Amino acid sequence: MADASWPGEQLVVAAQSGDVDSLAALVSGAHPNVRRFARSLCATPEDAEDAAQEALIILYRKIGMLRASGALASWMFRIVRNECLRRARTMRAPAAVPDTAVRSAEDEVLQRLEAAEVAAAIAALPAEQRRVLIMRDIQGYSGRMAAEALGLSTAAMKSRLHRARTAVQHTLRAVPDTTTGAPHDDAHQVRRP
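So this is what it looks like as structure tokens:
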């Protein structure tokens, strides 16, 4: 197992002052920790390796931006986390779904109305609930990744997500059905598995 310690402050200061050998030693010394953290966050080993490499490139290019030489670990973890999240967002780009059936204009209008109702219900949520709901249910982040990105414990993230889903369901039940004008009943509610 690789050594879990980070390069010392003297090496960071020397690298910041432009010493090329110190910078090379800093990058190689941070690599095991960066790689380990990327593996814990990214969905695939390939994404983890790419995120770790990108984070090390950023370290190499922007070491001068590090304000406190003792904060190297937290700075690198933030860079790795952002890289993993960026890769997850690009990975989750919606795939084209073949339209095998031609929908009627009425079906299209009803779908848009329902989508508008859902969007309005989500927009009405408090910001912290809205963020977690969007990350989990719309963008498809794992619970661990959403909690990490929001700086929450997994339990706190789950609690906010539950409150957000409950609030959206309650709001949608109160909205009149677009076809009958009556409030939605449970048969029309979309359930998450």
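Counting with this note's numbering, you get residues 23 to 215 for the letters of the sequence shown.
We put the beta carbon where it would ideally sit given N, CA and C, even for glycine.
The structure displayed is predicted, hence computed values, not measured ones.
key: Inter-residue Cα distance where the pair is Ala141 and Gly86   = By one-based count along the sequence shown, residue 141 stands at place 119. By one-based count along the sequence shown, residue 86 stands at place 64. In a straight line, the C-alpha of Ala141 is about 43 Å away from that of Gly86.
query = From what residue to what residue does the alpha helix (DSSP H) around Asp41 run?
reply = Position 19 of the sequence shown, counting from 1, holds the residue named residue 41. Counting along the chain, Asp41 falls outside any alpha helix (DSSP H), and DSSP gives it neither H nor E.
request  = Please go through the same chain and pick out, in chain order, the residues whose beta-carbon is closer than 6 Å to the beta-carbon of Ser95, but skip the five residues on each side of it.
outcome  = Reading the sequence shown from its first residue, position 73 is the one you call residue 95. With the sequence shown as reference, residue 95 is identified as Ala, and Ser is not the correct amino acid for it. Trp28.
ask   = Rounded C-beta distance between Ala168 and Val154? I'm assuming under 8 Å.
value = Start at 1 with the first residue of the sequence shown, and residue 168 comes out as number 146. Start at 1 with the first residue of the sequence shown, and residue 154 comes out as number 132. The pair is a contact, with the Cβ atoms about 6 Å apart (cut-off 8 Å).
request  = Name the residue from Gly165, Glu139, Ala52, Thr66 whose alpha carbon lies nearest to the alpha carbon of Ser181.
outcome  = Locating residue 181 in the sequence shown gives position 159, where the first residue counts as 1. Ser181 has its Cα closest to that of Gly165, out of Gly165, Glu139, Ala52, Thr66.
Segment contact flag, the stretch 96-103 with the stretch 73-83, C-beta cutoff 8 Å, min 3 pairs = yes
key: Beta carbon of Ala73 nearer than 8 Å to that of Glu31   = Working through the sequence shown from its first residue, we reach residue 73 at position 51. Working through the sequence shown from its first residue, we reach residue 31 at position 9. No.
inquiry  = Quick check on Gln161: does DSSP put it in helix, strand or coil?
reply    = In the sequence shown, residue 161 corresponds to position 139, counting from 1. The answer is coil: DSSP assigns Gln161 none of H, G, I, E or B.
ask   = Under a Cβ-count criterion, where at least 16 other Cβ atoms within 10 Å of its own Cβ denotes burial, should Glu68 be classed as buried or exposed?
value = Your numbering for residue 68 matches position 46 in the sequence shown. Exposed, by the Cβ-count rule.
message = So, at 7 Å on beta carbons, what are the nonlocal neighbours of Leu174 in its own chain, with the 5 sequence-adjacent residues on each side left out?
response = Along the sequence shown, one-based indexing puts residue 174 at 152. So no residue of the chain qualifies.
task = Report buried or exposed for Val34, applying the criterion of at least 16 other Cβ atoms within 10 angstroms of its Cβ.
result = Residue mapping note: residue 34 aligns to position 12 of the sequence shown, counting from 1. It is buried - the Cβ of Val34 has at least 16 other Cβ atoms within 10 Å.
ask   = Ala24: buried (16+ other C-beta within 10 angstroms of its C-beta) or exposed?
value = Your numbering for residue 24 matches position 2 in the sequence shown. Note that Ala24 scores 41 on pLDDT, short of 50, meaning its location in the model is unreliable; the coordinates nonetheless yield the value given after this. With fewer than 16 Cβ atoms within 10 Å of its Cβ, Ala24 is classed as exposed.
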